[in-house]
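J.: Residue numbers (my numbering): 588 to 854.
All residues carry an ideal CB built from backbone N, CA and C; glycine is no exception.
Bear in mind the structure is a predicted one, so any value in this text is a computation, not a measurement.
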Ligand code: DGL
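#1: Hey, quick one: how far does the beta strand (DSSP E) through residue 762 stretch, first residue to last?
#2: Within 10 angstroms of the Cβ of residue 628, are there 16 or more other Cβ atoms? Answer buried if so, exposed if not.
#3: Out of 661, 827, 738, state which residue places its alpha-carbon closest to the alpha-carbon of residue 596.
#4: Just verifying my parser: in three-state terms, what is the DSSP assignment at residue 808?
#5: Report whether the distance from the Cβ of residue 829 to the nearest heavy atom of ligand 1 is below 8 Å.
#6: Output the residue ranges of the beta strand (DSSP E) runs that lie fully inside the segment 737 to 801 and measure 3 residues or longer, sorted by chain position.
#7: So what does DSSP say about residue 625, is it helix, strand or coil?
#8: Residue 635 to residue 617, Cα distance in whole Å?
#9: Just to check my reading of the structure: residue 790 and residue 680 have Cβ atoms closer than 8 Å, yes? What is that Cβ distance to the nearest angstrom?
#10: Under 8 Å: does the beta carbon of residue 617 sit that close to some heavy atom of ligand 2?
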C-alpha cells in the first residue's frame, strides 16, 4: 500500500496522478484538516504532525509514503527520511528546474504557501535552479480556503485567484509554478487569469513518476509493472472508479469525500 498525506484535500491532486499510473494499487490517504492550513504554522509543528501521520500510515501497512504537501515536504522530509530509515518518501517541490528551462521571458512566477517560500529547502532550490532567471513569488492568499470549501469556480473565487496571479503576469512571468498541492484544483481560474501565453506547471505528474522509480529501487514494484505504469503517461489513463483506498481525516471528512468523488468521477 501507498500512503499519502496533506493538510487537507490538496494531496488529492497528487493521488489523482499516482492512481492513474498504478490503478490496481492500495492506498491510504490522510487529510490533517483539523490543522489546516499548514501554510501559517511553524516548521516544528508541521514536522511533528508529519511524523505522527507517517507512523500511522506505516502502522496501516503502507510501504511507501507520498508527502503530498509542499509545506510539509519543506518542513519535514529530511527528518522523515532520517527517522524512518529505509522507507521510500516522495516529496513535493515547486518545479523550478523545468520552469527555468522553459521560460522565454526569463521570468518565472512561483505560487506557494508562506511557510514554503521561507523554508530552507525552497531557498536552496532557488539557489540551485533559479540562476539566470527572475523569480517572482506570491502566496496564493485564500486559495487553500477556497479549495477546502469546494469553491473552485465563480466570481468571488476568481477575484481571490486574480489578486495573487495577476501581479506575476504583470511582472512578466510566462511560466507559473504551482508550489502547493491545493492549487491545481484552481487550475481553470489560474489559467483564465494568467491568459493563454502563460504556462502553468503542476508538479504532481513528475512526483508520480518519481514514486514509480523509488518503488522499483526498494523492491516494491517489479520492472514489468513499472514499465506498464509508466506507459500510461500521456495516454489519458483514468483514475479507476473504485480505487482501493482508505480515507482518513483528523477533522470533518466531508471535504475529503467530495474531492475523492471529484478525482474519481471526473479524471
Ligand atoms: N497543500 C499544502 C501544500 O502543498 C498545504 C497548504 C496549507 O495547508 O497551507 O503546501
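T.: Taking the coordinates as given:
#1: 762 to 766
#2: buried
#3: 738
#4: coil
#5: no
#6: 762 to 766, 786 to 788
#7: coil
#8: 15 Å
#9: 7 Å
#10: Absence of ligand 2 from the depicted structure is noted, with ligand 1 being the only ligands included.
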